[in-house]
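Participant: Chains as they are written, first to last, in UniProt numbering: chain D, 1 to 339; chain H, 1 to 339.
Every residue gets a Cβ at the ideal spot worked out from N, C-alpha and C, and that includes glycine.
Please find one structure pasted underneath; my questions will follow.
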DNA sequence: CTGAAAGCGCTTACAG
DNA sequence: CTGAAAGCGCTTACAG
């Protein structure tokens, strides 16, 4: 950048005042510091003329605040994460914060080093979808009183702010809907993981089955949690086996990538499915629109999740210490409801 | 953060040396500055014991480098942008840079203020997919010698680094492929915009038609460039009209969102398409897999685009002044080629 | 109402 | 080989 940067002291010199005055005026402290009205006007005028842009780095060093939020998610290239990121970025900007993003690939080592790297960049706080096996690292953050908010997932043993979906209700309701539509042999397809949000989806499914006297019909198919492309291959393999083994009249996919992979597998392998097969999955609207069996899907309120997380985090940064647990409600979109 | 931060001078005091020495050693300048071997060891040992993390803000203020890249795209929640963002973030991290992301929504005012906000956060350089109507702002950046790289698009009148797809060849080859497969009435569906990358896709289409003696069969359908959901509605409307009016045996969608919307419209409205209809679009693999007509798609090498952009930018930041124009090659994935 | 000055935590000529 | 000190560009008590 060739053109010499305009500094605070350039304005001060031109206005014939100290840099302190300029700083006060430009930060809106003119009332509090009772700066003379004419001085205020002169300073503002000169600042505008010179197109002064304060150096955020210097300001941060002095004030100890960077007005930056670190966002750690599994993978931005995943549309689910991408959309949340978008809403987070928007809300943060609205509140005067900039967002730094990093992806964990569900790897706890990478998760940990991302946190370190963001912290030494002095982010004011973190929003994160934690990878499994990261609770030690998280406990450190709690101890060091780093402001942070979990999103989408959390660790049950750690008291920390989080914004998550009502995972239990989501699958519970979906199963009831399927049963109300005459299905009895409903298979849950889910990642093989102990992560709480997935466990709650399983529980919602099982309870709904039980509450309808269908506990003997429970079928859970676990797919290894691996990278997106591997998930696709794994799901394909499992779908083949599934339909070879069992009689089923409904599938409930407990995650977005699973739905897409599963539907794709059925199509690609020309798996013969029962005529009355009904399918429900999480999000994945675009794909569902292209495929016949699905009768409904569970839509996660990503905007609400994202903006809520930012709002909570900013409160924490500003000193509110109360721990906040927010559960956002899913939307259930069926053909009838006009999805 | 309660636990007191470890500072450079804490290490210096404990080691009984000056902060300068510590800084040299920790920055790997021990050879250059010929620091005593035992001192080096002592400093490293203490730094590790105390788990010293340098304050990046202080370092930035002093050095004038933030090791941060600003990434400006249309919309992170768009999977296309999200994936590029992912690759950019990965390559940047590999080279020691952090990425700040902002979305323009194709709005030149927002584009401009994003640039300002990133610049005053002292990013070392920018990677951006410029919104239309932003050439004035860009000219300023050039004049101020801000290092930047365009991605996906560029302004023809401005000599600046860019990494773009071989847009002309992409549609030229696609048309030839369709013709080789017996299609003659090929309709190009494209955004109504003068943006260069789109213009080149049109040109590739028209030249290919002409070179095959089919200039009288040229049909171009323009869809307004609006937000994603509006695009969907607009495309649906246009698809209806299109098939009412014209006889066609192939569609070439010149953008990803158009392909998805277009295919969806055909499906949803149950538009009767000719049996032999062939469809080619840009990316959108997931959806193409679910739909019969497509016989091929144009895959953009997003990883190459992203990593290349970062590499070029970092070179520019480090002082290389040569302007770089890189054209990455599309991949053509057809049923036969095993997509 | 206003100014001189300290200080945020580093890096880096400069002097020895 | 090593240290004392200036300085990056701000903010903010402190003194008047």
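Near residue 131 (chain H), what residues of its chain come up, given a Cβ to Cβ distance below 7 Å and the 5 sequence neighbours on each side ignored?
Facilitator: Same-chain partners within the cutoff: 104, 106, 107, 108, 111.
Participant: Residue 179 (chain D): which of D:278, D:203, D:117, D:234 sits nearest, CA to CA?
Facilitator: Considering only alpha carbons, the answer is D:278.
Participant: How about residue 58 (chain H): is its Cβ closer than 8 Å to a heavy atom in the ligand GDP?
Facilitator: Only the bare structure without any ligand can be found here, which leaves the ligand GDP out of the picture.
Participant: Report yes if the CB atom of residue 253 (chain D) is closer than 9 Å to the CB atom of residue 281 (chain D), and no otherwise.
Facilitator: Cβ atoms of residue 253 (chain D) and residue 281 (chain D): closer than 9 Å.
Participant: Assign residue 323 (chain H) to one of two classes, buried (16 or more other C-beta atoms within 10 Å of its C-beta) or exposed (fewer than that).
Facilitator: By the neighbour-count rule (16 or more Cβ atoms within 10 Å), residue 323 (chain H) is not buried but exposed.
Participant: Buried or exposed for residue 251 (chain H), going by 16 or more other Cβ atoms inside 10 Å?
Facilitator: Residue 251 (chain H) comes out buried.
Participant: Suppose only complete runs of 3+ residues qualify. What are the beta strand (DSSP E) ranges in the segment 102 to 128 of chain H, listed by chain order?
Facilitator: Here the runs fully enclosed are 125 to 128.
Participant: Residues of chain H with CB under 7 Å from residue 306 (chain D), in chain order?
Facilitator: Residues of chain H passing the Cβ test: none, with the nearest at roughly 10 Å.
Participant: Given that a residue counts as buried once 16 or more other Cβ atoms are within 10 Å of its Cβ, and exposed if not, what is residue 241 (chain H)?
Facilitator: It counts as exposed.
Participant: For the segment 78 to 111 of chain H, which residues have a beta carbon sitting closer than 9 Å to at least one beta carbon of chain D?
Facilitator: Against chain D - using a Cβ distance shorter than 9 Å - the residues of the segment 78 to 111 of chain H are 78, 79, 81, 82, 83, 84, 85, 86, 87, 89, 90, 93, 98, 99, 100, 101, 102, 103.
Participant: Note down, one range per segment and in chain order, each alpha helix (DSSP H) of at least 4 residues found wholly within the segment 127 to 198 of chain H.
Facilitator: Runs of the alpha helix (DSSP H) inside the segment 127 to 198 of chain H: 135 to 143, 167 to 180.
Participant: Ends of the beta strand (DSSP E) at residue 334 (chain H)?
Facilitator: Here the beta strand (DSSP E) through residue 334 (chain H) covers 331 to 334.
Participant: Counting only beta-carbon atoms, is residue 313 (chain D) nearer than 9 Å to chain H?
Facilitator: So no, residue 313 (chain D) is outside the interface.
Participant: Taking three-plus beta-carbon pairs below 8 Å as touching, is the segment 308 to 317 of chain D in contact with the segment 147 to 160 of chain D?
Facilitator: Judged by Cβ distances under 8 Å, the segment 308 to 317 of chain D makes contact with the segment 147 to 160 of chain D, as three or more pairs qualify.
Participant: Could you give the distance in angstroms between the alpha-carbon of residue 202 (chain H) and the alpha-carbon of residue 258 (chain H)?
Facilitator: Spanning the two alpha carbons is a distance of roughly 14 Å.
Participant: Step through the CB atoms of chain D and report whether any lies within less than 9 Å of the CB of residue 122 (chain H).
Facilitator: Closer than 9 Å: yes.
Participant: Under three-state DSSP, which class holds residue 52 (chain D)?
Facilitator: Coil, per DSSP.
Participant: Taking DSSP as the reference, what is the three-state secondary structure of residue 236 (chain H)?
Facilitator: In the structure shown, residue 236 (chain H) sits in a helix (DSSP, three-state: H, G or I).
Participant: Can you give me the C-alpha to C-alpha distance between residue 159 (chain D) and residue 326 (chain D), rounded to a whole angstrom?
Facilitator: Each residue's alpha carbon lies about 13 Å from the other.
Participant: Here's a check: name, in chain order, each residue in its chain whose Cβ is nearer than 6 Å to the Cβ of residue 62 (chain H), leaving out the five neighbours to either side.
Facilitator: Around residue 62 (chain H): no qualifying Cβ.
Participant: According to the neighbour-count rule (16 or more other Cβ atoms, all chains shown, within 10 Å of its Cβ), is residue 335 (chain D) buried or exposed?
Facilitator: Residue 335 (chain D) is exposed by the Cβ-count criterion.
Participant: Beta-carbon of residue 233 (chain H) versus every beta-carbon of chain D: anything under 9 Å?
Facilitator: No, its Cβ sits nowhere closer than 9 Å to a Cβ of chain D.
Participant: Which residues of chain H have a Cβ atom closer than 8 Å to the Cβ of residue 66 (chain D), listed in chain order?
Facilitator: Residues of chain H passing the Cβ test: 57.
Participant: For residue 197 (chain D) and residue 223 (chain D), what's the separation of their Cα atoms in angstroms?
Facilitator: When rounded, the distance between both Cα atoms is 16 Å.
Participant: What's the gap between the Cα of residue 32 (chain D) and the Cα of residue 45 (chain D)?
Facilitator: Distance between the alpha carbons of residue 32 (chain D) and residue 45 (chain D): 20 Å.
Participant: Out of D:5, D:129, D:181, D:34, state which residue places its alpha-carbon closest to the alpha-carbon of residue 163 (chain D).
Facilitator: Of the candidates D:5, D:129, D:181, D:34, the one whose C-alpha sits nearest the C-alpha of residue 163 (chain D) is D:129.
Participant: In terms of residues, what are the limits of the alpha helix (DSSP H) holding residue 90 (chain D)?
Facilitator: Counting along the chain, the alpha helix (DSSP H) containing residue 90 (chain D) begins and ends at 79 to 94.
Participant: Taking 9 Å as the threshold (beta carbon to beta carbon), is residue 116 (chain D) in contact with chain H?
Facilitator: Closer than 9 Å: yes.
Participant: How would you call residue 50 (chain H), buried or exposed, if buried means at least 16 neighbouring beta carbons within 10 angstroms?
Facilitator: Exposed.
Participant: Can a CB atom of chain D be found closer than 9 Å to the CB of residue 60 (chain H)?
Facilitator: With 9 Å as the cut-off, residue 60 (chain H) counts as an interface residue toward chain D.
Participant: Under 8 Å Cβ-Cβ, which residues of chain D neighbour residue 75 (chain H)?
Facilitator: Simply 86.
Participant: Less than 8 Å between the CB atoms is what I'm expecting for residue 340 (chain D) and residue 17 (chain D), so what's the real figure, rounded?
Facilitator: Within the shown structure, residues of chain D are numbered from 1 to 339, placing residue 340 (chain D) beyond reach of any answer.
Participant: With DSSP as the reference, label residue 265 (chain D) as helix, strand or coil.
Facilitator: Residue 265 (chain D): helix per DSSP, three-state reduction.
Participant: Residue 53 (chain D) touches chain H at which residues, Cβ-Cβ below 8 Å?
Facilitator: Within 8 Å Cβ-Cβ: 116, 119, 120.
Participant: Closest to residue 236 (chain D) by C-alpha separation, out of D:318, D:221, D:100, D:266, would be which residue?
Facilitator: Closest by alpha carbon: D:266.
Participant: Spatial neighbours of residue 302 (chain H) within its chain, please: CB distance less than 8 Å, with the 5 preceding and 5 following residues excluded, ordered by chain position.
Facilitator: Excluding sequence neighbours, residue 302 (chain H) sits near 80, 83, 84, 87.
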